[in-house]
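Have a look at the structure below, then the notes.
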Amino acid sequence: MQSKGFIKLIAVLLALACVYQLSFTFKTRSVEKKAAQYAAQFPIDEQSAAEQHYLDSVQNLPVYNLGFKKFTYKECKEKELNLGLDLKGGMNVMLEVQVEDVVKALAGDSQNDPAFQQAIAEANEAMKQGSSNDYIGDFAKAYSRLSNGRPLAEIFVSPDRKDITLESSDADVEKMLKRETEAAIGASFNVLRSRIDHFGVTQPNIMRLPNSHRILVELPGVKEPQRVRDLLQGTASLEFWLTYDAREVLPMLASADKLLKEEVAQTAAAEGSTSAEETAATASETAAPAAEEGLIGQIGGADSTDNASVASNNFDREQNPLFAVLDPNYAGGAAIGAAYKADIATVNEYLARPEIRELFPADILFKWGVKGDDHIDGRYYLYAIKVTTPDGKAPLDGSVVTDAREQYAQRGATAEVSMTMNAEGTQEWARMTGENIGKCIAIVLDGYVYSAPRVNTKIDKGQSQITGDFTIQEAQDLANVLNSGKVPAPAKIIQDTVVGPSLGQESINAGMLSFVIAFILVLLYMGLFYKTAGWMADVALLTNVFLLMGVLVSFGAVLTLPGIAGIVLTMGMAVDANVIIYERIKEELRGGKGLSLAIKDGFSKAYSAIIDGQLTTIITGIVLFVFGTGPVQGFATTLIIGIITSVFCAIFITRLLIEWIVGKWGTISFSHKWSENFLNNTHVDFLSKRKIAYWISCAVIVLSVISFFVRGLNLGAEFTGGRAYVVRFDKAVSAEQVRANLEQAFSQIADADASSISFEVKQYGNENQMRIVTQYRYDDTSDEATGEVEQIIYDALKSLYSYDITFDQFRNTQTDANGILTADKIGPSIAKDMTWNAIYSVLFSLIAIGLYITFRFKRWQWATGATLALAFNALLIIGIFSMFYGILPFNLEVNQAFIAAILTIIGYAINDTVVVFDRIREYLGIYPKRNLKENVNNAINSTLSRTINTSGTTLVTLLAIFFFGGETIRGFIFALIIGVVVGTAATIFIATPIAYDLMTKRAKVDEEK
């Protein structure tokens, strides 16, 4: 092999990179283990808070020293392997910004126009039905029709708007509405990101979904789902507040610190020791570095002893209780100090004490900065707000902002924010800025300070420039914050999924068990069948898994339960390349070539089939990633990365090992005696059986179509809309019991027809777990509707528990292991989108693969045969799911995971087809005088050993996951098992015969010409 040294270097560098990336995961686990040990000394109901306090206290402290660089716990968390919600527990929420609210707000009083209201209703219906994604366009067309061509500008013209006049065209108004909608979505995104940062969860994820008004939020380990729903859907509150200067407040803080010192001394004398929490906080603070400069030296009103103590910055919990947690050395402007996240609660508690509150003016409020400042080790600034109105409200709110945008400053490379206010705001803003030159005005959203710029001069024209050494991204974020107040556009939850922590841990256990069993089985299979070369393939397989995990971490991919299934499936498919190579080498050896030449030619002749086969699988993986969401994307990610690493390991690592053994011992075995001629001398006339195969294929497709129209499919909530729950009981229950109780509960609902209260009950895993899917109020995604559904289910099922479970315990498995383990809510618009995405993804995969086969094999007949075989495979799986749901003892629900299985099978089956086609193409070149039928049959027979071996290893891994991987993915794996079996047969009996018939027909036509 050429460039052997270079390949070794690449392999070593990849291995080192993977070790580096994976090491952060082990380090974070070590820190979290210490946190759990620390929390164990507290009462059970306080352990969760104590563990989080410990992690917060070390968040910005170095915990991992690599010699050349030290990493904080926060940095390690950012680099660790992320676990999906199905493994970690938590909440997945999709929100949609209500464009209707944006349009109504911009219309002002004109929204009472009957034509306007009817146009809004029609646009809402189009969105609900999923027939259009252009809400503004639908509204504009409907309004033009309903108002007999009245200009849109008449509705939206306003003295505060300079971009719309009465002469503006409808197209200009549409552009304005879309621009304002985008701004509202950006503002909502910024608000949501801020709120998420204060939930106290690790590794939250928020992203805007392209070409939509939707925002996806993932919150691993969240403990209060209902609180999350309430906070995420609240309307943003933007306010402008006057502030105190730090120089005015610091003397009061010093007095508070002195008073707290006396209280701590009294408490210590009474109890003899400080609490465990104070000890931990002290350790946290003494370990954190602090600056040596600040305004503390200018404090007036405190005695010199206090000043000296504070100025030295040697804070001690006993000597300086307040300054030990709120460092005044970072005071400046309106900020009176900074604290670590772990100490915010302590600072709040200190400042809320009545005796401490009396030291400060009645008109002072304390508000924290929205996020930690990386320049001061992630500390959060605390700001002193001044209340100047009789009602205690802010003198100015966000409704007066008409526009805010980021721009580069006239001087320097920094960015700034330009803000424009309406007439009312301009007048009040002129008063505020004129009376507070040299002081700061705080911009507050949802109670957190985003910025506190200093007023340089009176601003009396309503146009302001906010500067502050911003990056363009920071300026954009601040502009979004300022824009959040001008248009009330709350985001509403249209889909949410809650996974309880206990189910997440069970998924991890089941996934790891299936992974280990499947891994061992594949290793044994290869080692026993291919002897020494097989064991070398096992070493390459181990390297593959190691590289795969390292690449997943480096890309920041999220590992889900389907992702684990993808890794296990990758292992089964990874040996395919080794099998192709080994079978080729065995053929070369049987042809009389020497060992070294046989190895060289075996590898070179296998490249074409390996690359073609793996590329077609990657195509389906890409389609799956583009059209899938959540766990399905996790599966696609691991599948794509796994294919790439497996090809690298099979082609390069395996060859390095084989050539090393040959170079050291002079020989290597590729089989045992019993496996040496496995399916070697077969001479089956497969093409003569093609008509029988056609009839059987037609028969099963007809049965599938009949079942589809008669029985239909067991569609999941993703495609129908509705709510799905997995409920755990404290004892075994029957599905009939649960169904009977639910029927009685739903039958008592007034004015409800059978379709609206339809539901399904099925055992989910153990006998004490049931999956319940209901269509009741499926088109209402509000929290009230969700609460009503869960209340009905609770009332119906509480009698099946052996103890008195409360409604709160039933809804939240954080405090009780029983009750609702997972909860899915999917609105009708999401369901329609998912349905179309599923259809598009399958069609695009078939078309893309057909085009690739046409390109690679230069004949459309090959592509036609391959595509029809893939379509047959997909239709048969759908038919089996239709025929056997409710009959087989596991869930055969058609959901996103099922579509992922269809696409995976399309990618897997084409791999087998490509190998056969590649051999046919080779035989046509080597034996041009043989007739087509003989070459095709010989090609199928010569690849039969590879076909059976590859399918066998894949089936072994799938069966391990099917039996040991848990109920969550059993239906998904069942679809893959059927697909592997049918796909292998379809290659031999459908794809190849169809291609043969088409080529024969074409040859006859050419002869007639």
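Be aware that the sequence shown starts at 11, since it is given in this note's numbering, and climbs by one per residue.
Cβ atoms here follow ideal geometry from the backbone N, Cα and C, with glycine treated the same way.
What you are looking at is a predicted structure, and each value in this text was computed from that prediction instead of being measured.
### Query
At a cut of 8 Å, does the stretch 576–594 reach the stretch 553–560 through at least three beta carbon pairs?
Enough Cβ pairs lie closer than 8 Å, so yes.
### Query
What's the call for residue 90, buried or exposed, on a 16-neighbour Cβ count within 10 Å?
Label assigned to residue 90: buried.
### Query
Helix, strand or coil for residue 417 per DSSP?
If DSSP states are grouped into helix, strand and coil, residue 417 belongs with the strands.
#### Entry: Separation of residue 932 from residue 614, as counted between CA atoms
So the alpha carbons of these two residues sit roughly 13 Å apart.
### Euclidean distance between Cα positions of residue 689 and residue 955
Distance between the alpha carbons of residue 689 and residue 955 is about 5 Å.
### Query
Alpha carbon to alpha carbon, what distance is there between residue 500 and residue 494?
Residue 494 and residue 500: Cα-Cα distance of roughly 10 Å.
#### Entry: Length-filtered (4 minimum) alpha helix (DSSP H) runs lying within the stretch 837–909
Within the stretch 837–909, the complete alpha helix (DSSP H) runs of at least 4 residues are 838–867, 870–894.
### Given residue 277 as reference, the closest of 252, 328, 901 once Cα atoms are compared
The shortest C-alpha separation from residue 277 is found at 328.
### Query
With C-beta atoms as the reference, is residue 598 less than 8 Å away from residue 586?
Cβ atoms of residue 598 and residue 586: not closer than 8 Å.
### Task
Look up residue 431 in the DSSP assignment and give the residues it is bridged to.
Its beta-bridge partners are 411.
### Query
Since residue 611 is in the beta strand (DSSP E), which residue starts that stretch and which ends it?
From DSSP, residue 611 is part of no beta strand (DSSP E) but of the alpha helix (DSSP H) over 605–637.
### Task
Closer than 7 Å by C-beta to residue 727: which residues in its own chain qualify, once you throw out the five before and the five after it? Chain order, please.
Around residue 727: 733, 734, 783, 834, 836.
### Query
Fully enclosed by the stretch 30–95, which beta strand (DSSP E) runs are 3 residues long or longer?
Fully enclosed beta strand (DSSP E) runs of no fewer than 3 residues occupy 72–75, 80–82 of the stretch 30–95, in order along the chain.
### Message
In this structure, how does DSSP classify residue 937 when only helix, strand and coil are distinguished?
### Response
Coil, per DSSP.
### Query
Where in the stretch 184–245 do unbroken runs of the alpha helix (DSSP H), each at least 4 residues long, occur, reported from the N-terminal end onward?
Fully enclosed alpha helix (DSSP H) runs of 4 or longer: 235–243.
### Message
To test your reading of the DSSP string, which unbroken alpha helix (DSSP H) runs of 4 or more residues are found completely within the stretch 91–160?
### Response
Those alpha helix (DSSP H) runs which fall completely within the stretch 91–160 and span 4+ residues are 95–98, 109–117, 124–139, 145–156.
### Query
Taking three-plus beta-carbon pairs below 8 Å as touching, is the stretch 811–820 in contact with the stretch 710–717?
Proximity of the stretch 811–820 to the stretch 710–717 falls short of the contact definition, fewer than three beta-carbon pairs being nearer than 8 Å.
### Query
Over what stretch of residues does the beta strand (DSSP E) that includes residue 506 continue unbroken?
Residue 506 -> beta strand (DSSP E) spans 501–509.
### Message
Using a Cβ-Cβ cutoff of less than 6 Å, which residues in the same chain neighbour residue 68 once the five nearest sequence positions on both sides are dropped?
### Response
The beta carbon of residue 68 lies closer than 6 Å to those of 83 in the same chain, with the five residues before and after it left out.
### Query
Measuring CB to CB, does residue 45 end up less than 8 Å from residue 64?
Taking 8 Å as the cut-off, the beta carbon of residue 45 is found closer than this to the beta carbon of residue 64.
### Unbroken stretches of the beta strand (DSSP E), 3 residues or longer, contained in the stretch 748–829
Within the stretch 748–829, the complete beta strand (DSSP E) segments of 3 residues or longer fall at 769–773, 779–784, listed in chain order.
### Query
Hey, would you say residue 851 sits closer than 8 Å to residue 913, going by beta carbons?
With contacts defined by Cβ atoms closer than 8 Å, residue 851 and residue 913 form a contacting pair.
### Task
Kindly provide the ranges of any alpha helix (DSSP H) runs that are 4 or more residues long and lie completely inside the stretch 665–739, ordered along the chain.
Runs found: 683–686, 700–720, 727–730.
### Task
May I have the straight-line CA-CA distance separating residue 255 from residue 394, to the nearest angstrom?
Take the alpha-carbon of residue 255 and the one of residue 394: they are about 8 Å apart.
### Query
When the Cα atoms are used, what is the spatial distance from residue 464 to residue 371?
Looking at the two C-alpha atoms, the distance is approximately 22 Å.
### Task
For the alpha helix (DSSP H) holding residue 993, just list the boundary residues, first then last.
Taken as a continuous stretch (DSSP letters only), the alpha helix (DSSP H) holding residue 993 covers 980–996.
### Task
Please classify residue 1003: is it buried, with 16 or more other beta-carbons within 10 angstroms of its beta-carbon, or exposed?
The residue in question, residue 1003, is buried, as its Cβ has 16 or more Cβ neighbours within 10 Å.
### Query
How long is the line joining the alpha carbons of residue 543 and residue 709, rounded to whole angstroms?
Here the alpha carbon of residue 543 sits roughly 43 Å from the alpha carbon of residue 709.
### Message
When you compare the CB positions of residue 696 and residue 998, do they come within less than 8 Å of one another, or not?
### Response
Contact check for residue 696 against residue 998 passes: the beta carbons are separated by less than 8 Å.
### Task
Work out the CA separation of residue 987 and residue 965 for me, nearest whole Å.
Taking C-alpha positions only, residue 965 is separated from residue 987 by approximately 7 Å.
### Task
Go ahead and label residue 176 buried or exposed: buried means 16 or more other beta carbons lie within 10 angstroms of its beta carbon, across all protein chains shown.
By the C-beta density criterion, residue 176 is exposed, having fewer than 16 other C-beta atoms within 10 angstroms.
### Query
According to the Cβ coordinates, are residue 223 and residue 106 closer than 8 Å?
For the 8 Å CB-CB criterion, residue 223 and residue 106 form a contact.
### Task
Report the rounded CA-to-CA distance for residue 952 versus residue 863, giving the unit in angstroms.
If I take the Cα positions, the gap works out to 21 Å.
### Task
Using 10 angstroms around the beta-carbon of residue 331, count the other beta-carbons present and answer buried if the total reaches 16, otherwise exposed.
Buried is the call here.
### Query
Does the beta carbon of residue 59 come closer than 8 Å to any beta carbon on chain D?
In the displayed structure, chain D is absent; only one protein chain is listed.
### Task
From the DSSP output, in three-state form, read off residue 437 for me.
Here residue 437 sits in helix by DSSP.
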